[in-house]
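Undergrad: Sequence order for the protein chains is A and B. According to the numbering used here, the first sequence is numbered sequentially starting from 2. According to the numbering used here, the second sequence is numbered sequentially starting from 7.
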Amino acid sequence: MQFLADFLPAGIAMHAPALIVVIPLITAALAALMPNGRVAWIVALITAAAVALLSLNLLGQVMNEGVISYHMGGWAPPLGIEYRVDMLNVALLLLVGFVGLLCVFYALPSVADEIAENKQALFYSAFLVCFAGLLGVTITGDAFNVFVFLEISSISTYVLIAMGAGKDRRALTASYNYLILGTIGATFFVIGVGFLYMATGTLNMADMAAILEANGHNRVSQAAFAFIVVGLGLKAAMFPLHVWLPNAYAFAPNFVTAFLASTATKVAFYALIRFLFSVFHPDVSFVEMSFVWLFAVVGTIAMVVASLQAVFQTDARRLLAYSSVAQVGYMMLGLGMGTASGLSAGLLHLMNHALMKGALFMALGAFALNFGVRRIKDLAGMGKTMPASAMAFTIAGLSLVGVPLTVGFTSKWYLVTAALERGWWWAVAALMLSSLLALAYVARLLSAIWMDSPPTHHGELTQRRLAPWMVLVPMSILALANIYFFFHADPLVWLARSAAEAVMGGS
Amino acid sequence: MIEALYDVSPAWPVIIAGLLAAAFPMHYVRKGLALIAPVLAVFLWFNAPSGDHLGGIIELGGFTLETFRFDGLSRIWGLIFIIAAFINALYGLHEKDRLADASGLIYAGAGLGAVFAGDLLSLFFFWELTAISSVFLIWGARNNAAYKAGLRYLAIHVLSGVLLLTGAVIRASETGSWAFDETLSIETLGGFLIFIAFGIKCAFPFLHNWLQDAYPKATITGAVVLSAFTTKLAVYALARGYAGTEQLIWIGAVMTAFPVFFAVVENDLRKVLSYSLNNQLGFMVVGIGVGTELAINGAAAHAFVHIIYKALLFMSMGAVLLRVGTVKASELGGLFKSMPATTIFCLIGAASISAFPLFSGFVAKALTLAAVAQEGHWVVWLVLVFASAGVLEHSGIKIPYFAFFSHDRGHRVREAPVNMLMAMGIASLICIYVGINYGVLYELVPFPEAALHYEPYTFDHIVGQMQLLLGAMFAFAFLVRMKWYPDEKRGVNLDTDWVYRRFLANTLNWGHAMFGRLWASITNLVSGVRSRTGGKLFEVFSPIGALSRDIPSGLLAIWTSALLAIVLLIAYLSP
């Protein structure tokens, strides 16, 4: 593993924490200047590849050194901005980097189909800004900086979603809705950070934690806690605050949905964990109570109610979007257990869910690309007309249900074990119920795909039409990863476990 | 004996043949595979060392999977599954359906794998594999009713698998053991869940509906294949884990008795056979519940002969379905003229299932009845005797009578295809051979020394059985003569599956509608509050009417505040 830390030149490796954010920010401006979408896409692809490499390098460095603290512009914290990488956020960086790379690879045919020619370069530019924002939220160790990057990623996300208007005008209202709610969330978050600043006089997270521990908590820090939890919870689509998500995912361009579904809510969830565990401490009584009475409760309700909502959807992407809300519920439940095994199970599910939903939304994108279908009943006969995409969809769908031989089973297994350890029988029951519901809605999709016959056109069955290879390759990689990581669960489990230990202090 | 093969479970050649069959478009290659695989499997079976043997151990992710446990119990079940797989392959030789070939083989292999599984994890793997592979045999009928029945079948079997896994996990977390043996107990939570999982597959009363629902809707070959494995696998699992569990005696007794009534009024003859399958399972379950060596022998022997004669009956009905296109009693009759060979085979199957002396059913059922009597369960014994009469009535007489005799409906069809006749012929031969040379069967049972002393053909046995049989035949003839016998009518007989086919579906629909109304009234309430307070905030946050079918973001703003209040409260109230 030493290799990972060494494969970049020392000069670059030293500044890797900064570069991983700065490169996409700069190339975003470059992409906007490019004459057409194709060139801009190449810029985006190179950027994503560079980010993926840097994230690997950071993993190597963290494994060597434990925690990397990078001082922006040479200004030492707490005054300067600190970028801080440990096992927890390096896992997220890897996820965002690699899923981002696969998504960009996938983007070319999909974007060419959905976005007007003269807007494609700008579209890629907006994507790179969003990418940079997500990476920034993940890597920074400064509370106000989190807010800044959160807004960078959010604002560009509003743009990206609204771009779906080329195919469906409802994307505009979806984007607007998200804008309103996202702004509420961001405002709540920044109010919380303000309170924290009031209570501690610093914006550096590690510093805040130290001061809070020394001085103890008071009403101000408690108010800060409430605002931050709700603000980030909204971004992470925590259950009652998820309403922006289904429409945003359903009407955004396919590439955007695939990317956001596997990264954006995950990053917000990461930020939540960071604040709960690294700034506040899980042993503080109100944090501990919020685990049991807020996250576990809300997570369980989400698992059941959002799955039920998914069952009755007619639009395939909306269905999967509701399922995403349910899956966030799984992660919240893992978090709510407040134990290292619970948290690591939640994080494992976070990574696995990115694999499943990435593949699922990519496959839906492939169906939309070839046949322009969105509704579930229009998926009829895709097993015959687009067998490869349908197969990838099936694998990822089964993974979503948690069928053995897929990663979905692994993370549910860990969640169940963690719940049993805690003695939470009701949580196990809810997990089972939610899996059954997942079976129901995935079966609706799969039965349409495999059981129904393809539509006829002038009396002839629709012909087989394979998706372009640029779509097939990343989609297959993600789908096969769902199986691969079942048999080789160790890397992901190790990542999740060491991430949990990084914030729980190895307990 | 080849020692290198001691680790290879007979399941693997069959499963691999199934996977290969899925890949081959040429049907003769697939048929060859289907015929060769059981031969390889039976070779492995003969090759296995005598005495108890544990092999095929796979280490996977910290778990030890034992895939080849060969002992008294798995020996007999393994052999009969292999024989069944061969007969099924022969029977389906004329079909050109890649899906059916592949799934039939994988299903049979999975059944074998489960029988030879030594721990609960491998059992779970094969358990789910049987469920998933077999559903294609139902869907293979390619009509809407079969599709829906298949979905119900799949759902309930996946549920069984989930229960099995949950139970196993709970048990492992309590005792640290994944063993699949007699240490399973119904007293513990884990053991109870596993028991229910087995019970679903074994079609316990109230858990049985999937059977009568799905089997009659399967394809012609599919029904034959299905009748052999799933439920007998469950019987095996019960015999392995829960032998001597008192509750099983009563469960089994109920299972033998209640299907009789449904079978009498049912019109679809394959459904009649499904009910009678349920009744036969009851005998085995009672045997397991009694749990003495003699009783376990009875259950095992019964399972062995039952697979053959039940398959024989399903095969004969399949031949009728193939040639005539229906197996509704109300539309059949007089077929013995055009299908004489099938008629004879069906009669042999009927004689076996009704336990006529000199047929296989007699020597097996006698063991169970003797064991029940030996332990002094007289009520259960009486129930079993009543059920025996019932079996004779609906399987022994009703099936052949309405299909082949009765009044002639004028069907003039060809005799069944040669391969079907061969398959039925082999099954008939086994029925008669085992009935006469019962020593072969008694050497194969799990406790041969207990069975060796048992003599089925005593004077009082034969007389008692003949009295029963003749009495039941007389009753049937009398009822038909007097026209009191229930008319064979078209229709769907719903028994307790009403609960999920009507009640649950209605409840779900109702719940959905209510949820919708509740949602609407909450929205109304909120908008009412909104108009009264006239707050400007809501106007700003709500995109007016633009997303009427979605929840306005204004509402979410309230929820956000409400959640904030909750978190603040939590923080405030915490000590």
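Virtual Cβ for every residue (Gly too), placed ideally from N, Cα, C.
(1) Distance check for A123 (chain B) and A322 (chain A), CA to CA, integer angstroms please.
(2) Output needed in chain order: residues of the segment 273-298 of chain A with a Cβ under 8 angstroms from some Cβ in chain B.
(3) Could you name the residues of chain A that T2 (chain B) contacts, counting a contact when the two beta carbons are closer than 9 angstroms?
(4) Find out if the Cβ-Cβ distance for the pair F69 (chain B), L127 (chain B) is shorter than 8 angstroms.
(5) What in chain B is Cβ-close to A449 (chain A), meaning under 9 angstroms?
(6) State the beta-bridge partners of F76 (chain B) as determined by DSSP.
(7) Straight-line CA distance for F411 (chain B) to F453 (chain B)?
(8) Rounded to whole angstroms, what's the CA-CA distance from R466 (chain A) to F368 (chain A)? Just pull it up for me.
(9) Does any residue of chain A have a CB that is nearer than 8 angstroms to the CB of Y578 (chain B)?
(10) So, helix, strand or coil for I8 (chain B), using DSSP?
(11) Could you compute how far the alpha carbon of F342 (chain B) sits from the alpha carbon of L254 (chain B)?
(12) Between N425 (chain B) and F92 (chain B), what straight-line distance do the alpha-carbon atoms span, to the nearest angstrom?
(13) Flag this pair as yes or no: are the beta carbons of G367 (chain B) and Y444 (chain B) separated by less than 8 angstroms?
(14) Please go through the same chain and pick out, in chain order, the residues whose beta-carbon is closer than 6 angstroms to the beta-carbon of L427 (chain B), but skip the five residues on each side of it.
(15) Which same chain residues, not among the five before or five after V402 (chain A), have their C-beta less than 8 angstroms away from its C-beta?
(16) On the criterion of 16 or more Cβ atoms from any shown chain inside 10 Å, does G247 (chain B) qualify as buried, or is it exposed?
(17) What residue range is occupied by the uninterrupted alpha helix (DSSP H) comprising E214 (chain A)?
(18) Compare the C-beta of P405 (chain A) against all C-beta atoms of chain B and say whether one is closer than 8 angstroms.
(19) So, helix, strand or coil for I116 (chain A), using DSSP?
(20) Is L9 (chain A) buried or exposed, if buried means 16 or more other CB atoms sit within 10 Å of its CB?
(21) Taking 8 angstroms as the cut-off, does the segment 268-281 of chain B touch the segment 328-341 of chain B (at least 3 CB pairs, one atom from each stretch)?
(22) Please state if the CB of A220 (chain B) and the CB of I144 (chain B) are separated by a distance shorter than 8 angstroms.
(23) For V504 (chain A), I'd like the list of residues in its chain whose CB is within less than 7 angstroms of its CB, leaving aside the five on either flank, ordered along the chain.
(24) With a cut-off of 8 angstroms on the beta carbons, I'd call A311 (chain A) and A253 (chain A) a contact; round off their distance for me.
(25) Give every residue of the same chain whose Cβ lies closer than 7 angstroms to the Cβ of D114 (chain A), excluding the five residues on either side of it in the sequence, and list them in chain order.
(26) So what does DSSP say about P18 (chain A), is it helix, strand or coil?
(27) So, does the CB of P211 (chain B) fall closer than 8 angstroms to a CB anywhere in chain A?
(28) Would you say T513 (chain B) faces chain A, with C-beta separation under 8 angstroms as the test?
(29) Out of A:M452, A:F488, A:I396, A:M290, which one is the CA nearest neighbour of T386 (chain A)?
(30) Helix, strand or coil, according to DSSP, for T225 (chain B) in the structure here?
(31) For F142 (chain B), collect the residues of the same chain with a Cβ closer than 6 angstroms to its Cβ; drop the 5 residues on either side in sequence, then sort them by chain order.
(32) DSSP on V86 (chain A), reduced to helix/strand/coil?
(33) Tell me whether the beta-carbon of A163 (chain A) lies closer than 8 angstroms to the beta-carbon of V105 (chain A).
(34) Closest to A307 (chain B) by C-alpha separation, out of B:S322, B:L318, B:V291, B:F320, would be which residue?
(35) Which stretch, first to last residue, makes up the beta strand (DSSP E) that contains M70 (chain A)?
(36) Among the candidates A:V472, A:N255, A:N119, A:M471, whose CA atom is the shortest distance from the CA of F362 (chain A)?
TA: Reading it off the structure:
(1) Those two C-alpha atoms are separated by around 40 angstroms.
(2) The segment 273-298 of chain A vs chain B, Cβ under 8 angstroms: S286, F287, E289, M290, S291, W294, L295.
(3) As displayed, chain B neither begins before 7 nor continues past 581, which places residue 2 (chain B) out of reach and without an answer.
(4) Cβ atoms of F69 (chain B) and L127 (chain B): closer than 8 angstroms.
(5) Those within 9 angstroms of A449 (chain A) in chain B number zero; the least Cβ separation is about 12 angstroms.
(6) Per DSSP, the beta-bridge partners of F76 (chain B) are B:H59.
(7) Taking the straight line joining both Cα atoms gives about 42 angstroms.
(8) Computed Cα separation, rounded: 10 angstroms.
(9) It does: the Cβ of Y578 (chain B) has a partner Cβ on chain A nearer than 8 angstroms.
(10) DSSP places I8 (chain B) in coil when its eight states are reduced to three.
(11) Rounded to whole angstroms, the gap between the alpha carbons of F342 (chain B) and L254 (chain B) is 41 angstroms.
(12) Our two residues, N425 (chain B) and F92 (chain B), have alpha carbons roughly 12 angstroms apart in a direct line.
(13) Pairing G367 (chain B) with Y444 (chain B) gives a Cβ-Cβ distance that is not under 8 angstroms.
(14) Result list for L427 (chain B): A347, in chain order.
(15) Within the same chain, V402 (chain A) has close Cβ partners G409, S436, A439, L440, V443.
(16) The residue in question, G247 (chain B), is buried, as its Cβ has 16 or more Cβ neighbours within 10 Å.
(17) Counting along the chain, E214 (chain A) sits inside the alpha helix (DSSP H) bounded by residues 206-216.
(18) Yes - at least one Cβ of chain B is within 8 angstroms of the one on P405 (chain A).
(19) It is coil, neither helix nor strand.
(20) Classification of L9 (chain A): buried, given that the 10 Å Cβ count is 16 or more.
(21) Contact holds: three or more Cβ-Cβ distances are below 8 angstroms.
(22) A contact, by the Cβ cut-off of 8 angstroms.
(23) Within the same chain, and ignoring the five residues on either side of V504 (chain A) in sequence, the residues whose Cβ sits closer than 7 angstroms to its Cβ are L89, I274, F278, S279.
(24) Between A311 (chain A) and A253 (chain A) a beta carbon distance of about 18 angstroms is seen, past the 8 angstroms cut, so the two are scored as non-contacting.
(25) Excluding residues within five positions, the ones whose Cβ falls inside 7 angstroms are L370.
(26) In the three-state reduction of the DSSP assignment, P18 (chain A) falls in the helix class, which pools H, G and I.
(27) Residue contact with chain A for P211 (chain B): absent (no Cβ-Cβ distance below 8 angstroms to any residue of chain A).
(28) T513 (chain B) does not count as touching chain A.
(29) Of all alpha-carbon atoms in A:M452, A:F488, A:I396, A:M290, the one lying nearest the alpha-carbon of T386 (chain A) is that of A:M452.
(30) Here DSSP, grouped into helix, strand and coil, assigns T225 (chain B) to coil.
(31) Answer for F142 (chain B): L105, S109, listed in chain order.
(32) Assigned with DSSP and collapsed to three states, V86 (chain A) falls in strand.
(33) Not closer than 8 angstroms, so no.
(34) Restricting attention to B:S322, B:L318, B:V291, B:F320, the CA atom closest to the CA of A307 (chain B) is found in B:V291.
(35) Per the sequence presented here, residue 70 (chain A) reads as Ser, with Met not at that position. Membership of S70 (chain A) in the beta strand (DSSP E) is indicated by the continuous run 69-72.
(36) Proximity to F362 (chain A) across A:V472, A:N255, A:N119, A:M471 peaks at A:N255, based on C-alpha coordinates.
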